[in-house]
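K.L.:
Below you will find the structure I want to go over with you.
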Amino acid sequence: MNLQTAYYKTPIGIAKIDGDDNGIQSISVLDEDALTLVNTQKEIPPSLQNCVRQLDEYFAGKRTVFDVQLNPQGTTFQQSVWKELLNIPFGSTRTYLEQTKQLGDVKAIRAVASANGKNPIWILIPCHRVVGSDGSLTGYAGGIWRKKWLLEHESGTKQQTLF
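Its first residue numbered 52, the sequence shown is counted upward by one per residue in my numbering.
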């Protein structure tokens, strides 16, 4: 099946969703200048509608767990790191060191951090829940301000819509 794309306006940017009947391959965040992509989109492809609905519920504060089929593309190691990210509960954080320990090799902390940074599925694979050992908000491809927004959203803090 051919990869399909949808654009979805979130409170913190435009989500570009790519996937097919085998699952979501990527969700990336685009900045405000991508708003025309949402406005010119005719309809959401059927294979992506469930993902959009669940993201809607997440941003509305009505969803804490996703049950969308995922199909991220990456190395075996990256896949294991991304799978471990799925074990971090909504509203919780884990440090890079804790994540590395969960994967069984504390010496692999840089490789784990690199794999987190290459996570292709924004929000659904929650790399935003990984923080520095001192609790600092480090290393987020979508921008630290988005990581802060997402963590506050998940903690129950009322968030301002920025887009």
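We put the beta carbon where it would ideally sit given N, CA and C, even for glycine.
Output the distance between the C-alpha atoms of K134 and L86, rounded to the nearest integer angstrom.
P.N.:
So the alpha carbons of these two residues sit roughly 31 Å apart.
K.L.:
So, under 8 Å CB-CB, I172 and S77 are touching, yes? Tell me the CB distance rounded to an integer number of Å.
P.N.:
The pair is a contact, with the Cβ atoms about 6 Å apart (cut-off 8 Å).
K.L.:
Tell me whether the region 86-95 and the region 135-143 touch, counting them as touching only if at least three CB pairs, one residue from each stretch, are closer than 8 Å.
P.N.:
Contact between the region 86-95 and the region 135-143 is absent, because fewer than three Cβ pairs lie under 8 Å.
K.L.:
Under 8 Å, with one C-beta from each stretch per pair, do the region 120-133 and the region 159-169 reach the 3-pair mark?
P.N.:
Contact between the region 120-133 and the region 159-169 is present, because at least three Cβ pairs lie under 8 Å.
K.L.:
Whole angstroms is fine: what's the gap from A66's alpha carbon to E108's?
P.N.:
Each residue's Cα considered, the two are about 14 Å apart.
K.L.:
Kindly identify the DSSP beta-bridge partner or partners of I65.
P.N.:
I65 is bridged to K60 and L81.
K.L.:
Pick out whichever of T115, F110, Q105 and P177 has its Cα sitting closest to the Cα of P62.
P.N.:
Comparing Cα-Cα distances from P62 to each of T115, F110, Q105 and P177, the minimum goes to F110.
K.L.:
F214 by DSSP, collapsed to three states: which one?
P.N.:
Reliability of the predicted coordinates at F214 is poor, the pLDDT of 48 falling under 50, and no value is obtained from them.
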